[in-house]
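Novice: This is the structure I want to talk about, given as structure tokens.
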Amino acid sequence: MTVTNPITSEVDFEAEGKHAGYLRLPHSVNRSAYGFIPIPVISIRNGDGPKVVLMAGNHGDEYEGQIVLTALAKRLRADDVRGQVIVLPAANTPAVIAGSRTSPVDGGNLNRCFPGDAAGAPTSVIAHYLEHVVFDRIDYLLDLHSGGTSLVYLPTALIRFDDDEGANRRRHELLDALALPHALAFDASDGPYASAAAARRGGIAITAELGGGAMVDRALVSLVEQGLDRYLRHVGVCPALDTVPAAHRVRLFRVDDESQYVFARAAGVFEPAVDLGDTVRAGQLAARIHRPEQPWLPAEPVHFDRDGFVVCRRALARTEIGDCLFQLAGD
Ligand SMILES: [Zn+2]
């Protein structure tokens with residue numbers, strides 16, 4: 015299929031062997047009239063087998079995935095691969111360089127831009143290119159995120175299930191191979207996400223949430239590194255990779271509605287009343303929002319609307335009305 019998109023690739027995705035270069039997104043600005051935004055990509059292709067795309071830096075302030083994929087891109091040899099592995103360690107490169115969730119070039123949030131627009135702003139052009147060119151004939155996508163600057167997650171895999179029993183069984187096996195301690199299951203649905211884009215192209219997608227708070231957690235880096243190797247071996251694209259057995263079983267939760275998100279209804283300083291990993295009840299105190307600028311006002315209590323398991327919390331203390339404070343998962 016011929017796709018019209020202004021991005022050109024220095025890497026020929028059809029070529030056998032290991033190739034690295036930039037996706038060139040033309041970007042004409044004052045400091046660079048004929049310049050391009052350089053998005054690094056590595057393609058490792060060796061004969062027949064599944065096509066796997068590994069992404070990090072979809073959001074620029076989520077770091078463990080960027081570290082693990084940068085290392086993998088150097089480590090993996092063509093001999094290790096049966097099929098094709100495409101690695102994008104800095105998918106929204108301007109956001110990665112800025113250490114920012116969104117792109118400083120156009121304010122775009124790549125993971126809200128799919129299926130993208132070839133004639134749109136740069137972030138939307140990247141989304142369009144990924145969905146229509148990089149994800150073409152894709153079998154698997156692993157998109158590595160974290161809570162970014164504002165949130166902290168327990169290490170969690172997000173996956174969408176549908177009514178295809180065979181595919182659902184494969185999804186469970188993938189979660190076990192990756193072995194992040196927690197997994198959140200969604201009902202299949204469309205959306206502006208890379209995972210939905212890969213699904214539209216026929217691939218099975220996992221989005222990983224790994225820590226956050228704009229930090230790098232050393233234990234998480236090795237958890238993901240080991241999980242990634244098991245994943246690559248399990249899907250058959252790196253059948254001979256040496257792997258470390260998973261240290262634990264995956265606990266699977268459901269995410270089914272908005273009531274699992276707790277939002278601030280007052281501005282101030284967020285003091286959590288529960289910790290990540292706690293099991294909570296509907297009506298239980300979730301947090302207090304303090305108002306040091308009006309200390310005579312009472313702190314605003316925030317309560318959980320339903321039972322659940324605390325899988326994500328806000329990392330930043332200063333809070334505005336509408337900020338997400340917690341995400342719950344349901345058994
Ligand atoms: Zn993210």
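Here the sequence shown stands for residues 15 to 345, numbered as in our numbering. Backbone N, C-alpha and C fix where the C-beta goes; we use that ideal spot for every residue, glycine too. The model shown is predicted, which means the values in this text are computed figures rather than measured ones.
(1) Quick check: does the Cβ of S209 come within less than 8 Å of any heavy atom belonging to ligand 1?
(2) What three-state label does DSSP hand E30 in the structure shown?
(3) Are the beta-carbon atoms of V283 and R263 separated by less than 9 Å?
(4) Considering only residues of the stretch 94 to 165, which uninterrupted alpha helix (DSSP H) runs meet the minimum length of 4 residues and lie entirely inside it, listed in chain order?
(5) Drop a sphere of 10 angstroms on the beta-carbon of Q308, count the other beta-carbons inside from all chains shown, and report buried for 16 or more, exposed for fewer.
(6) Return the Cβ separation of V66 and V249 in integer angstroms, given the expectation that the two are a contact with Cβ distance under 8 Å.
(7) Look at the alpha carbon of D177 and the alpha carbon of Q298, and state the distance between them as a whole number of angstroms.
(8) Which residue wins for smallest C-alpha separation from A211, given the options I111, L68, A141, T16?
(9) Provide the residue(s) that pair with S209 in DSSP beta bridges, ordered along the chain.
(10) Cβ-heavy atom distance between G162 and ligand 1 below 8 Å?
(11) Comparing C-alpha positions only, which one of P195, P103, R45, F175 sits nearest to L37?
(12) Could you pull out every residue in the same chain whose Cβ sits closer than 6 Å to the Cβ of D93, ignoring the five residues on either side in sequence?
(13) Should P169 be flagged as near chain B, meaning a C-beta pair shorter than 9 Å?
(14) If contact is defined by three or more beta carbon pairs under 8 Å, each pair taking one atom from either stretch, is the stretch 44 to 54 in contact with the stretch 73 to 83?
(15) For the putative contact between P20 and A132, defined by C-beta atoms under 8 Å, what is the C-beta separation to the nearest angstrom?
(16) Does ligand 1 have even one heavy atom less than 8 Å from the beta-carbon of E78?
(17) Under a Cβ-count criterion, where at least 16 other Cβ atoms within 10 Å of its own Cβ denotes burial, should V148 be classed as buried or exposed?
(18) Spatial neighbours of E239 within its chain, please: CB distance less than 6 Å, with the 5 preceding and 5 following residues excluded, ordered by chain position.
(19) Only counting runs of 3 or more residues, tell me where the beta strand (DSSP E) segments fall wholly within the stretch 160 to 194, in order along the chain.
(20) Given a cut-off of 9 Å on the beta-carbon distance, is the pair I303 and R327 in contact?
(21) Taking only three categories from DSSP, how would you classify S236?
(22) Hey, quick one: how far does the alpha helix (DSSP H) through E307 stretch, first residue to last?
(23) Report the CB separation of V166 from L342 in whole angstroms; it is logged as a contact under 8 Å.
(24) Just to check, is the beta-carbon of H146 closer than 8 Å to a non-hydrogen atom of ligand 1?
(25) In terms of residue numbering, what span does the alpha helix (DSSP H) encompassing E314 cover?
(26) Output the distance between the C-alpha atoms of S42 and F128, rounded to the nearest integer angstrom.
(27) Considering only heavy atoms of ligand 1, does any lie closer than 8 Å to the CB of R263?
(28) Can you list, in chain order, the residues of its chain with a C-beta nearer than 7 Å to that of R185? Leave out the 5 residues immediately preceding and following it.
(29) Alpha carbon to alpha carbon, what distance is there between D190 and R183?
(30) How would you write the range of the beta strand (DSSP E) that I51 sits in, first residue to last?
(31) Checking 9 Å against the spacing of the C-beta atoms, do G97 and D62 come in under that value?
(32) Over what stretch of residues does the alpha helix (DSSP H) that includes R89 continue unbroken?
(33) Could you tell me the alpha carbon to alpha carbon distance between L144 and D256, rounded to whole angstroms?
(34) Specify the secondary structure class of H262 as computed by DSSP and reduced to three states.
(35) Rounded to whole angstroms, how far is the Cβ of V316 from the Cβ of L330, which I believe are closer than 8 Å?
Specialist: According to the data block:
(1) The count along the sequence shown starts at 1 and reaches residue 209 at position 195. Because no heavy atom of ligand 1 lies under 8 Å away, the Cβ of S209 does not count as near it: no.
(2) Walking along the sequence shown from the start, residue 30 turns up at place 16. Residue state, collapsed to three classes: coil.
(3) Numbered from 1 along the sequence shown, position 269 holds the residue referred to as residue 283. Numbered from 1 along the sequence shown, position 249 holds the residue referred to as residue 263. Not closer than 9 Å, so no.
(4) 107 to 112, 136 to 143
(5) Numbered from its first residue, the sequence shown carries residue 308 at position 294. Label assigned to Q308: exposed.
(6) By one-based count along the sequence shown, residue 66 stands at place 52. By one-based count along the sequence shown, residue 249 stands at place 235. Indeed they touch by this definition, with Cβ atoms about 6 Å apart.
(7) Mapped onto the sequence shown, residue 177 falls at position 163. Mapped onto the sequence shown, residue 298 falls at position 284. For D177 and Q298, the distance between alpha carbons rounds to 35 Å.
(8) For the purposes of this step, residue 211 is taken as residue 197 along the sequence shown, with counting starting at 1. The shortest C-alpha separation from A211 is found at A141.
(9) Looking up residue 209 in the sequence shown gives position 195. In DSSP, S209 forms no bridge with anything.
(10) Counted from its first residue, the sequence shown places residue 162 at position 148. Flag set: Cβ of G162 near ligand 1.
(11) Start at 1 with the first residue of the sequence shown, and residue 37 comes out as number 23. Checking every option, the nearest Cα to that of L37 belongs to P103.
(12) For the purposes of this step, residue 93 is identified with residue 79 of the sequence shown, where counting begins at 1. Within the same chain, D93 has no close Cβ partners at all.
(13) Absent here is chain B; the protein component of the structure consists of one chain.
(14) no
(15) One-based indexing of the sequence shown puts residue 20 at position 6. One-based indexing of the sequence shown puts residue 132 at position 118. Their Cβ separation, rounded to whole angstroms, is 7 Å, which keeps P20 and A132 in contact under 8 Å.
(16) Here residue 78 refers to the residue found at position 64 when the sequence shown is read from its first residue. The answer is no for E78.
(17) Numbered from its first residue, the sequence shown carries residue 148 at position 134. Result: buried.
(18) Numbered from 1 along the sequence shown, position 225 holds the residue referred to as residue 239. Taken in chain order, the residues that qualify are V82.
(19) 165 to 167, 170 to 175
(20) In the sequence shown, residue 303 corresponds to position 289, counting from 1. In the sequence shown, residue 327 corresponds to position 313, counting from 1. No. Outside cutoff.
(21) Position 222 of the sequence shown holds residue 236. Helix, per DSSP.
(22) In the sequence shown, counting from the first residue as 1, residue 307 sits at position 293. It is not in any alpha helix (DSSP H) - E307 carries neither H nor E in the DSSP assignment.
(23) By one-based count along the sequence shown, residue 166 stands at place 152. By one-based count along the sequence shown, residue 342 stands at place 328. Not a contact, Cβ separation roughly 14 Å.
(24) The residue you call residue 146 lines up with position 132 of the sequence shown. No - ligand 1 has no heavy atom lying nearer than 8 Å to the Cβ of H146.
(25) Here the question's residue 314 lines up with position 300 in the sequence shown. Here E314 belongs to no alpha helix (DSSP H); instead the beta strand (DSSP E) covers 314 to 317.
(26) The residue you call residue 42 lines up with position 28 of the sequence shown. The residue you call residue 128 lines up with position 114 of the sequence shown. For S42 and F128, the distance between alpha carbons rounds to 23 Å.
(27) Working through the sequence shown from its first residue, we reach residue 263 at position 249. Flag unset: Cβ of R263 not near ligand 1.
(28) Counted from its first residue, the sequence shown places residue 185 at position 171. If we look at R185 and ignore the five residues flanking it on each side, its Cβ neighbours are I173, F175, I218.
(29) What you label residue 183 is simply residue 169 of the sequence shown in a count that begins at 1. What you label residue 190 is simply residue 176 of the sequence shown in a count that begins at 1. Roughly 11 Å between the two C-alpha positions.
(30) Walking along the sequence shown from the start, residue 51 turns up at place 37. Residues 50 to 60.
(31) Walking along the sequence shown from the start, residue 97 turns up at place 83. Walking along the sequence shown from the start, residue 62 turns up at place 48. The answer is yes: Cβ separation under 9 Å.
(32) As a working note, residue 89 is residue 75 in the sequence shown. R89 -> alpha helix (DSSP H) spans 78 to 89.
(33) The residue labelled residue 144 in the question sits at position 130 within the sequence shown. The residue labelled residue 256 in the question sits at position 242 within the sequence shown. Their backbone Cα atoms lie some 30 Å apart in a straight line.
(34) As a first step, residue 262 is located in the sequence shown; it is residue number 248 there, counting from the start. DSSP places H262 in coil when its eight states are reduced to three.
(35) Working through the sequence shown from its first residue, we reach residue 316 at position 302. Working through the sequence shown from its first residue, we reach residue 330 at position 316. Not quite, the Cβ-Cβ distance comes to about 15 Å (not below 8 Å), so this is no contact.
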